[in-house]
Amino acid sequence: MTDSIFNLEQQNSSVDAKIVAGLERVGEVFRVLLWQQSRDTGLSPIQIQVLLFLAFHEPTQCKVGYLAKEFNLTKPTISDAVKVLVQKALVDRITDPLDSRSHHLELTPAGKQMVDQTSSFADVLHGLVQSFGQEQKTILYESLFKLIFELTQRGLIQVQRMCKTCRHYRFDGQIHYCGLLQIPLEAGLLRLDCPEHEQVL
Ligand code: SF4
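Residue numbering for the sequence shown follows the numbering used here, starting at -3 and increasing by one per position.
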């Protein structure tokens, strides 16, 4: 049988393989929870994800090209999702006053209501994590942070706004530090999605 983490003989004799299989299960839970919201709202999972992104990010990031990279999808796929959101009066296209060819996307009042309705879709996972002990949470977060950073380095996550890729981030071998906020970043304070993030050039 092929060498694979999905080969149960191999998986069950390797913690590494079991971790990867576990991550796949968690990813499936996100898909299932999103589809539940999708059935309830009549929106597709990507349309819901776009609404949630628009609700919590800067206008400069709320553009079709940026969203395509964010979700690892093509521009036409995002454009189609946005077209439906505009037709349903959940999103407006706002033209840049300095450049009429450029625009960003903004939630309408109905779009904000939809975000209120859908933004708790992952709360079941949040509740479970909250029940973990502090040490367990720190280890889990540090491991996820490292994993996500390595995936960005390999181009598998295209857009990231995490500390380790920010020009304000410092590490002296022991302590992580934010030069902008001027605070030490203990493991729990390291950010995955920071509004002040500035990409290292
Ligand atoms: S600005 Fe944000 S992303 Fe950059 S180091 Fe500080 S906390 Fe991290």
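In this text, a Cβ means the ideal position worked out from N, Cα and C, and glycines have one as well.
Predicted, not measured: the structure shown is a model, and the values here were computed from it.
Closer than 7 Å: residue i CB and nearest the ligand SF4 heavy atom
i: Tyr137; result: no
i: Glu54; result: no
i: Glu182; result: no
i: Leu177; result: yes
i: His193; result: yes
i: Arg187; result: yes
i: Tyr165; result: yes
i: Cys190; result: yes
i: Cys58; result: no
Distance, residue j Cα to residue i Cα
i: Ala183; j: Lys142; result: 11 Å
i: Cys190; j: Arg157; result: 6 Å
i: Lys108; j: Ala51; result: 7 Å
i: Gln57; j: Val155; result: 10 Å
i: Thr161; j: Asp95; result: 30 Å
i: Ile42; j: Asn68; result: 11 Å
i: Glu5; j: Phe26; result: 27 Å
i: Glu54; j: Gln7; result: 42 Å
i: Glu66; j: Leu39; result: 19 Å
i: Thr104; j: Gln132; result: 40 Å
i: Leu30; j: Pro180; result: 36 Å
i: Asp(-1); j: Gln195; result: 38 Å
i: Ile15; j: Leu140; result: 11 Å
i: Ala106; j: Leu86; result: 5 Å
i: Arg187; j: Phe117; result: 21 Å
i: Val11; j: Asp119; result: 28 Å
i: Met110; j: Gly169; result: 45 Å
i: Leu197; j: Thr148; result: 15 Å
Counted within 10 angstroms of its Cβ, other Cβ atoms place residue i as buried (16 or more) or exposed
i: Val125; result: exposed
i: Gly23; result: exposed
i: Ala77; result: buried
i: Gln33; result: buried
i: Ile171; result: exposed
i: Gln45; result: buried
i: Phe128; result: exposed
i: Ile74; result: buried
i: Leu101; result: buried
i: Phe2; result: exposed
Expected contact under 8 Å - CB spacing of residue i and residue j to nearest Å
i: Thr114; j: Leu63; result: Going by Cβ atoms, the distance from Thr114 to Leu63 rounds to 17 Å, so no, they are not a contact pair.
i: Lys71; j: Val60; result: 6 Å
i: Tyr173; j: Arg163; result: Rounded, the Cβ-Cβ distance is 13 Å, inconsistent with contact.
i: Ile135; j: Ile144; result: At roughly 15 Å, the Cβ-Cβ gap does not stay under 8 Å, so Ile135 and Ile144 are not in contact.
Please give me, in chain order, every unbroken run of the beta strand (DSSP E) with length at least 3 that falls completely inside the region 30 to 115. 87 to 92 and 95 to 103
Please specify which runs of the beta strand (DSSP E), each continuous and at least 3 residues long, are wholly inside the region 152 to 179, giving them in chain order. 165 to 167 and 172 to 174
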